[in-house]
Each structure stands twice: as structure tokens, then as C-alpha cells.
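In what follows, a structure is listed as C-alpha cells, so that the remarks can point back to it.
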Amino acid sequence: DTAVSQTPKYLVTQMGNDKSIKCEQNLGHDTMYWYKQDSKKFLKIMFSYNNKELIINETVPNRFSPKSPDKAHLNLHINSLELGDSAVYFCASSQEGASGRLFFGEGSRLTVL
Amino acid sequence: DAKTTQPPSMDCAEGRAANLPCNHSTISGNEYVYWYRQIHSQGPQYIIHGLKNNETNEMASLIITEDRKSSTLILPHATLRDTAVYYCIVRVGGQAGTALIFGKGTTLSVSS
Chain A
1 DTAVSQTPKY
11 LVTQMGNDKS
21 IKCEQNLGHD
31 TMYWYKQDSK
41 KFLKIMFSYN
51 NKELIINETV
61 PNRFSPKSPD
71 KAHLNLHINS
81 LELGDSAVYF
91 CASSQEGASG
101 RLFFGEGSRL
111 TVL
Chain B
1001 DAKTTQPPSM
1011 DCAEGRAANL
1021 PCNHSTISGN
1031 EYVYWYRQIH
1041 SQGPQYIIHG
1051 LKNNETNEMA
1061 SLIITEDRKS
1071 STLILPHATL
1081 RDTAVYYCIV
1091 RVGGQAGTAL
1101 IFGKGTTLSV
1111 SS
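Structure representation (C-alpha cells):
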């Protein structure tokens, strides 16, 4: 079983649309993250949730809204998509109080046309 | 901003040891050194981490200097599949509210 799974893996959509990317982890971790990797390959932290509570919120447009229905899920909803939102989005999880090692999903490639 | 400095690229012959350096001169006493790698556009993969002592696992060895201002990741017998971007990251271990801050990493090219 995949430890951190994201769906969809590929998403192509038009500007102005609203889309969601889902993430689920079966590791029993209490912290989940969303990272964005742009065309220049920089990996940037966007959000982090610990036990369903938002604890990290980097400078991200409010068109991006993370939602954590439970500890095992952290979904990313994006409103009014723009060309600059095209990127690969990675979900990750970790168990705080332990080594702090992060486990990453395989990424969701979003292309906005 | 990333608190580490790494060379942008390195080459290594297949079968030889790959030694990837990292400077982290401003590391705090409670910060660990983590190494991750990203093969092509896959999700970053954990390699190893350490606080003060040298560490070894099935993938690699981590050598941390005594003053903890720099470290070296060693892949003892590099293979073509080790071609990837390698990231050295410092972070307070296991603490909610901190995330891995990725820098530009080192692109390691292993050739036959």
C-alpha cells in the first residue's frame, strides 16, 4: 500500500476553473504538508496541518484553501486557477515527536491552460 | 530561506563513492541535518539524518564535522539510479510548526 497517495496525478484545466487535489496517508502520522514545485524546480512549503489544525501557512494566495477532514487527509482546493498555478504539488506527512522524517507522495502535476 | 549551501552539480563514475558536501554554518544546537533526494520529478525520498554523530544506513553514510558546521553524504558505490538532485536540510527534529525548507540542492550525475 502506498504510504502517501495523491489524486489525481495529472490535472489539465482552463484558467478560471476551480479544482481540488486530494491527499491521504496511511502511516498514522499527525502532521501533513503541501509543497509546490514550480518550473524552476524549487520546492516550497505551502501549508502544514497538525491534528487537523493549520500550523504553517506560507505566503500563498487565498485562492488556495487546504482542508483537513481528519488526520489522514489533507486536500488542496484552488479557486480561480491562474497560469502561474501550473506546477507539481507534493503532499507529505510526518510524525512529530519522532525523527521528523517526512514521507512524500508522488506528486500531482497541475497544468493550467 | 534554506540554511544550507551545496554545490550545484557533481559528477561521479558508476561504482565509485559519491561524496556530497553541505555547509550549514548557522545550525542551531537542536537542529538535525537531513538528506533527501529527488529522482526526476518523483516525490522527494528520505535518505538519512543525524544530529552530532556520524550515521549509516542501507542507503548512505552521513559524516558531520565536530563543530557541526558542515556535513558530507556518502553514497559508497554509486549506480546510474542514484542520479538525482540531493538536498541537505537542517531542521529541528520532530517538532510541529517546522517544515523542511528545501534549497537548490546538488544535481548528482552518475555515468558509466
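Quick mapping for you: the protein sequence lines, in order, are chains A and B. Counting in the working numbering, the first sequence runs from 1 upward without gaps. Counting in the working numbering, the second sequence runs from 1001 upward without gaps. Each residue gets a CB set at the ideal place from its N, CA and C atoms; glycine is no exception. Computed from a predicted structure; not experimentally measured.
{"Check": "Would you kindly work out how many angstroms separate the C-alpha atoms of Val60(A) and Ala3(A), rounded to a whole number?", "Outcome": "27 angstroms"}
{"Check": "Can you name the residues that DSSP bridges to Pro1021(B)?", "Outcome": "Thr1072(B)"}
{"Check": "Are the segment 31-40 of chain A and the segment 56-75 of chain A touching by the rule of at least three beta carbon pairs closer than 8 angstroms?", "Outcome": "yes"}
{"Check": "What residue from Pro1007(B), His1077(B), Ile1101(B) and Arg1068(B) has the CA that sits closest to Thr1026(B)'s CA?", "Outcome": "Arg1068(B)"}
{"Check": "For chain B, find out if any of its Cβ atoms is closer than 8 angstroms to the Cβ of Arg63(A); answer yes or no.", "Outcome": "no"}
{"Check": "Determine contact between the segment 91-106 of chain A and the segment 11-30 of chain A, defined as no fewer than three beta-carbon pairs at a distance below 8 angstroms.", "Outcome": "yes"}
{"Check": "Under three-state DSSP, which class holds Arg1081(B)?", "Outcome": "helix"}
{"Check": "Measure the beta-carbon distance from Leu1062(B) to Leu1073(B) and round it to whole angstroms, keeping in mind my assumption that it falls under 8 angstroms.", "Outcome": "6 angstroms"}
{"Check": "What do you reckon, is the C-beta of Asp1067(B) under 7 angstroms from a heavy atom of the ligand ZN?", "Outcome": "The ligand ZN is not among the ligands present in this structure, which contains no ligands whatsoever."}
{"Check": "From the DSSP secondary-structure annotation, give me the bridge partner or partners of His73(A).", "Outcome": "Glu24(A) and Asp70(A)"}
{"Check": "Taking any Cβ of chain B, which residues in the segment 40-69 of chain A have a Cβ under 8 angstroms from it, in chain order?", "Outcome": "Lys41, Phe42, Leu43, Lys44, Ile45, Ser48, Asn50, Ile55 and Ile56"}
{"Check": "Is any beta-carbon of chain A found at less than 8 angstroms from that of Tyr1032(B)?", "Outcome": "yes"}
{"Check": "Please tell me whether Tyr1046(B) has its Cβ less than 8 angstroms away from any Cβ of chain A.", "Outcome": "yes"}
{"Check": "Among residues of its own chain, excluding the 5 on either side of Cys1022(B), which ones have a beta-carbon nearer than 6 angstroms to its beta-carbon?", "Outcome": "Thr1004, Gln1006, Ser1071 and Cys1088"}
{"Check": "Helix, strand or coil: which one does DSSP assign to Gly1043(B)?", "Outcome": "coil"}
{"Check": "Among Arg101(A), Glu96(A), Val112(A) and Cys91(A), which has the Cα closest to the Cα of Gln1042(B)?", "Outcome": "Cys91(A)"}
{"Check": "So which of Ser5(A), Thr13(A) and Gly100(A) has the shortest CA-CA distance to Ile78(A)?", "Outcome": "Thr13(A)"}
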